[in-house]
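In terms of our numbering, the sequence shown opens at residue 502 and continues consecutively.
Structure first, commentary second.
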Amino acid sequence: MQIEVCKSKIHKVTVTEANLQYVGSITIDEDLMDAANMIENEKVQVVNINNGERLETYVIKGDRGSGTICLNGPAARKVAVGDVVIIISYALMDFEEAKSFKPSIIFPDLETNSLV
């Protein structure tokens, strides 16, 4: 049996941009992606702490060290610049493997979105 478990989480980052005119996705600072073990085009869930919105999209690399968290396309309507979000990715794995799996969870600085 396979189950879906939390693979990676960027816990509490601040939205720096919302670009309605982009095709879609979330742009994330590449440093944050690396630290959270996320890759470009990976499916993620974005949970907005400010308004309770939850959405799914995919990751685009942002400039390394920029602190960028930008919701693009229709997702831009679900956030405001300054909102705090949690970004989560999941993975399918064998039930027994999942029992001992440890997700990559990071806690960036909320003011700069940088790793502390």
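Where is the CB? At the ideal position from N, CA and C, for every residue including glycine.
Note that the coordinates shown come from a computational prediction; the quantities given were computed from them, not determined experimentally.
Starting from S590 and walking both ways along the beta strand (DSSP E), at which residues does that stretch end?
V585 to D595
From the DSSP secondary-structure annotation, give me the bridge partner or partners of R555.
V548
Mind checking if N614 is an interface residue toward chain D, Cβ cutoff 8 Å exclusive?
Among the protein chains of the structure shown there is no chain D, as only one such chain exists.
Residues near K562 in its chain [Cβ-Cβ closer than 6 Å; skip 5 each side]
E531 and E541
Between I511 and P609, how many whole angstroms is the CB-CB distance? I'm expecting something under 8 Å.
7 Å
Report all residues from its chain with a CB closer than 6 Å to the CB of S605; omit the five preceding and five following residues, and keep chain order.
S509, A537 and N538
Using three-state DSSP, classify G563 as helix, strand or coil.
strand
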